[in-house]
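Colleague: If you're matching positions, the sequence shown starts at 23 in my numbering and goes up one per residue.
In this text, a Cβ means the ideal position worked out from N, Cα and C, and glycines have one as well.
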Amino acid sequence: MSHEKYSTVIETLHECMEACNHCFISCLGEEHVKEMAECIRLDRECADICSLFEQSLTRDTPYVQELAQLCAKACRDCGEECAKHDHDHCQKCAEACRKCADECEKLIA
Numbered sequence: 023m024s025h026e027k028y029s030t031v032i033e034t035l036h037e038c039m040e041a042c043n044h045c046f047i048s049c050l051g052e053e054h055v056k057e058m059a060e061c062i063r064l065d066r067e068c069a070d071i072c073s074l075f076e077q078s079l080t081r082d083t084p085y086v087q088e089l090a091q092l093c094a095k096a097c098r099d100c101g102e103e104c105a106k107h108d109h110d111h112c113q114k115c116a117e118a119c120r121k122c123a124d125e126c127e128k129l130i131a
């Protein structure tokens, strides 16, 4: 299959999507949820974009570079926001987002 060359980035995208979804749900349960609004918003955006890119790579999309650029930006933005919060789920999400952004940036020529 042609998408096998993207197996590492596909795995990283999936891990980031899962981390963002976990952070999203966990943030909703925080005592001061209003303070988490931007984190929650970016978690959703990042998870959706990672999922889209993951699926697109399995279909051998012709938009690899464009999607990689968008995904890297979403991951960087989400990671920066999550890093501002001391919650364990936010810190783990920030780490997953940074890793994913790095992998996506490798695909940008």
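(1) Using a threshold of 8 Å, state whether the C-beta atoms of C104 and C97 are closer than that.
(2) Between L92 and I62, is the Cβ-Cβ spacing less than 8 Å?
(3) Helix, strand or coil for K56, going by three-state DSSP, please let me know.
(4) Can you grab the Cα-Cα spacing for the pair Y85 / C38, in whole Å?
(5) Apart from the five residues just before and just after I32, which ones in its own chain have a Cβ nearer than 8 Å to its Cβ?
(6) Thinking just about the alpha-carbon of each residue, which of L89, D65, C42, M58 is nearest to the one in K128?
Modeller: Per the coordinate set shown:
(1) Taking the sequence shown and counting its residues from 1, one reaches residue 104 at position 82. Taking the sequence shown and counting its residues from 1, one reaches residue 97 at position 75. Contact: no.
(2) Within the sequence shown, the letter at position 70 stands for residue 92. Within the sequence shown, the letter at position 40 stands for residue 62. The answer is no: Cβ separation not under 8 Å.
(3) In the sequence shown, counting from the first residue as 1, residue 56 sits at position 34. K56: helix per DSSP, three-state reduction.
(4) What you label residue 85 is simply residue 63 of the sequence shown in a count that begins at 1. What you label residue 38 is simply residue 16 of the sequence shown in a count that begins at 1. Cα-Cα distance, rounded: 20 Å.
(5) Along the sequence shown, one-based indexing puts residue 32 at 10. Taken in chain order, the residues that qualify are H25, E76, L79, T80.
(6) The residue given as residue 128 occupies position 106 in the sequence shown. Ranking the options by Cα distance to K128, first place goes to L89.
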